[in-house]
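Numbering-wise (our numbering), the sequence shown opens with residue 3 and increments by one.
Glycine included, C-beta positions come from ideal geometry on N, C-alpha and C.
First the structure, in the form of structure tokens, and then the observations on it.
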Amino acid sequence: GLARLPGLGLLFELQVFADQMEGAAALARALPDVQFVLMHAGMLEDLSAAGRTAWRKGLARLAACPNVATKISALGTFVHAVDPPLVTEVTAVATDLFGPGRCCWGSNFPIEKLWTGYRRLLDAHLAALARLPAADRQAVLHDTAARLYRL
């Protein structure tokens, strides 16, 4: 069924955890014509050193697939807060591995509203993107999503 998506003008939003990323990368390699969007930058849930390492390795496997992009969103899901250092870490790793042209930002509202306001969430993400040149910030905040979702 997934192989039919390109003919329908659709993409597939992929939601997996670190221990599922190897299989997800194999799927993306098997279906090179399908555009995948990894949700929530791979859902970093285990914030231990080992958890972060597994997440980075899995993210690198997916980033090696040119038909996989990622959405930088829902970073407060597992901590139930806006954690600016975590937002900065995940954003840096995602943009370094995928490049800004394969990263897009998402607010994950209204779910994130359970623990934060939109302005605080947006400010944390804007601060995390501040290290990038203006054109790369524009890609993450607009251009990539506009292209992927044909907005």
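*For C67, which residues does DSSP report across the bridge?*
Numbered from 1 along the sequence shown, position 65 holds the residue referred to as residue 67. C67 is not bridged to any residue.
*Could you check which residue in D85, F19, R122 has the C-alpha nearest to that of A43?*
One-based indexing of the sequence shown puts residue 43 at position 41. Nearest of D85, F19, R122 to A43, Cα basis: F19.
*Do E24 and R63 have their C-beta atoms within less than 7 Å of each other?*
Locating residue 24 in the sequence shown gives position 22, where the first residue counts as 1. Locating residue 63 in the sequence shown gives position 61, where the first residue counts as 1. Cβ atoms of E24 and R63: closer than 7 Å.
*Looking at R121 and A131, is the spacing between their C-beta atoms short of 7 Å?*
Against the sequence shown, residue 131 aligns to sequence position 129. Against the sequence shown, residue 121 aligns to sequence position 119. The sequence given here has Leu at residue 131, not Ala. No, the pair does not count as a contact, with Cβ atoms beyond the cut-off.
*Entirely enclosed alpha helix (DSSP H) segments - the region 115 to 144, minimum 4 residues*: 120 to 131, 136 to 140
*Buried or exposed: where does R6 fall if 16 or more other Cβ atoms within 10 Å of its Cβ makes it buried?*
As a first step, residue 6 must be located in the sequence shown, where it is residue number 4. Per the 10 Å Cβ criterion, exposed.
*Buried/exposed call for H127, threshold 16 Cβ in 10 Å*: For the purposes of this step, residue 127 is identified with residue 125 of the sequence shown, where counting begins at 1. H127 is buried by the Cβ-count criterion.
*Cα-Cα separation between R31 and G53, rounded to whole angstroms*: To locate residue 31, count along the sequence shown from 1; it is residue 29. To locate residue 53, count along the sequence shown from 1; it is residue 51. Looking at the two C-alpha atoms, the distance is approximately 24 Å.
*Terminal residues of the continuous alpha helix (DSSP H) containing L88?*
Residue 88 sits at position 86 when you count from the first residue of the sequence shown. It spans 86 to 100 - the alpha helix (DSSP H) in which L88 sits, taken as one unbroken run.
*Give a yes or no on whether the C-beta atoms belonging to L77 and L33 are separated by under 7 Å.*
Here residue 77 is taken as the residue at index 75 of the sequence shown, counted from 1. Here residue 33 is taken as the residue at index 31 of the sequence shown, counted from 1. The answer is no: Cβ separation not under 7 Å.
*Compare the C-alpha of S109 against each of L124, G11, P8, P87 and name the closest.*
Numbered from 1 along the sequence shown, position 107 holds the residue referred to as residue 109. When each option's Cα is compared against that of S109, the closest is L124.
*First and last residue of the beta strand (DSSP E) that includes A16?*
Taking the first residue of the sequence shown as 1, we reach residue 16 at position 14. For the sequence presented, residue 16 should be read as Leu rather than Ala. L16 -> beta strand (DSSP E) spans 14 to 16.
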